[in-house]
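Each residue of the sequence shown is one higher than the one before, counting from 19 in our numbering.
Even glycine gets a Cβ: it sits at the ideal position worked out from N, Cα and C.
Predicted model, so just to flag it, every value in this text is computed and none were measured.
First the structure, in the form of structure tokens, and then the observations on it.
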Amino acid sequence: KSKNYDLYALTFRYGQRHEFEIGTAKECARSQQVKNHVIMDINLRAFGGSALTDNIDVPKDRIGGNTSDEIPITYVPARNTIFLSFALGYSESLGCDDIFIGVNALDYSGYPDCRPEYISAFESMSNLATKSGVTGKSSIKIHTPLINMGKHEIIETGAALGVDYSLTHSCYDPVESGLSCGRCDACILRLQGFKKAGVIDPIRYAN
19 KSKNYDLYAL
29 TFRYGQRHEF
39 EIGTAKECAR
49 SQQVKNHVIM
59 DINLRAFGGS
69 ALTDNIDVPK
79 DRIGGNTSDE
89 IPITYVPARN
99 TIFLSFALGY
109 SESLGCDDIF
119 IGVNALDYSG
129 YPDCRPEYIS
139 AFESMSNLAT
149 KSGVTGKSSI
159 KIHTPLINMG
169 KHEIIETGAA
179 LGVDYSLTHS
189 CYDPVESGLS
199 CGRCDACILR
209 LQGFKKAGVI
219 DPIRYAN
């Protein structure tokens, strides 16, 4: 919004155990006065294969988050490819050329679909698979403003832009009340990021 784009938001209810994030996404969309906020239902739980969409325990209490070279069990198979495909269809129907996604390649926990080379490949595909790209009238650009930032830098940038962090949610495994667990990789990275940024994290944690 600070770059004078008209905002259209897309949030996915995909069978994630942390469905609480949909409510916070709605609040964020309202706070940013987006023109339209679509909640898309996709049942990725039918496929499973991830601790976020299957009966698999979410890893807890790993100081520093995931530090191994293995792709973590919280990786959802092809999730960003699915999300970006829907975003591409939405943007083309709106006549928009710019898609923004909040992937991060530094504190990304080892997800293959958060890497710059993946985004570049999807962008190339987008311009081969859309009317605007094929006709040459315009080209699709996928923006990843957070991709090379550490978590603390993301938090500092948001604070400078006036982001209300009380409306945000990061936890992979919130308790029934919606409180963040404070122990999963996402919570640990968030807590460390706020501490390093010198910004108070306004949300409540169960632990």
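Counting other Cβ atoms within 10 Å of its Cβ, Tyr23 stays below 16 and is therefore classed as exposed. Distance between Ala177 and Asp72, taken at the CA atoms: about 34 Å. By the criterion of at least three beta-carbon pairs nearer than 8 Å, the region 136–156 is not in contact with the region 188–207. The C-alpha of Ser144 lies about 36 Å from the C-alpha of Gly196. For Tyr93, DSSP records no beta bridge to any residue. Under DSSP, the beta-bridge partners assigned to Asn54 are Tyr26.
In the DSSP assignment, Lys169 forms no beta bridge with any residue.
With the rule of 3 Cβ pairs closer than 8 Å, the region 133–144 does not count as touching the region 177–187. Using a 10 angstroms sphere on the CB of Ser111, the tally of other CB atoms stays under 16, which defines it as exposed. Between the C-alpha atoms of Ser49 and Thr42 there is a straight-line separation of about 10 Å.
For Ile221, there is no enclosing beta strand (DSSP E), as DSSP marks it with neither H nor E.
In this structure Gly67 is in contact with Pro95, their Cβ atoms being roughly 5 Å apart against a cut-off of 8 Å.
Look at Asp115 here: in three-state DSSP terms it is coil, with no helix or strand label. A check of alpha carbon separations from Pro77 across Cys205, Gly216 and Ile218 identifies Cys205 as the nearest. Take the alpha-carbon of Leu207 and the one of Met167: they are about 13 Å apart.
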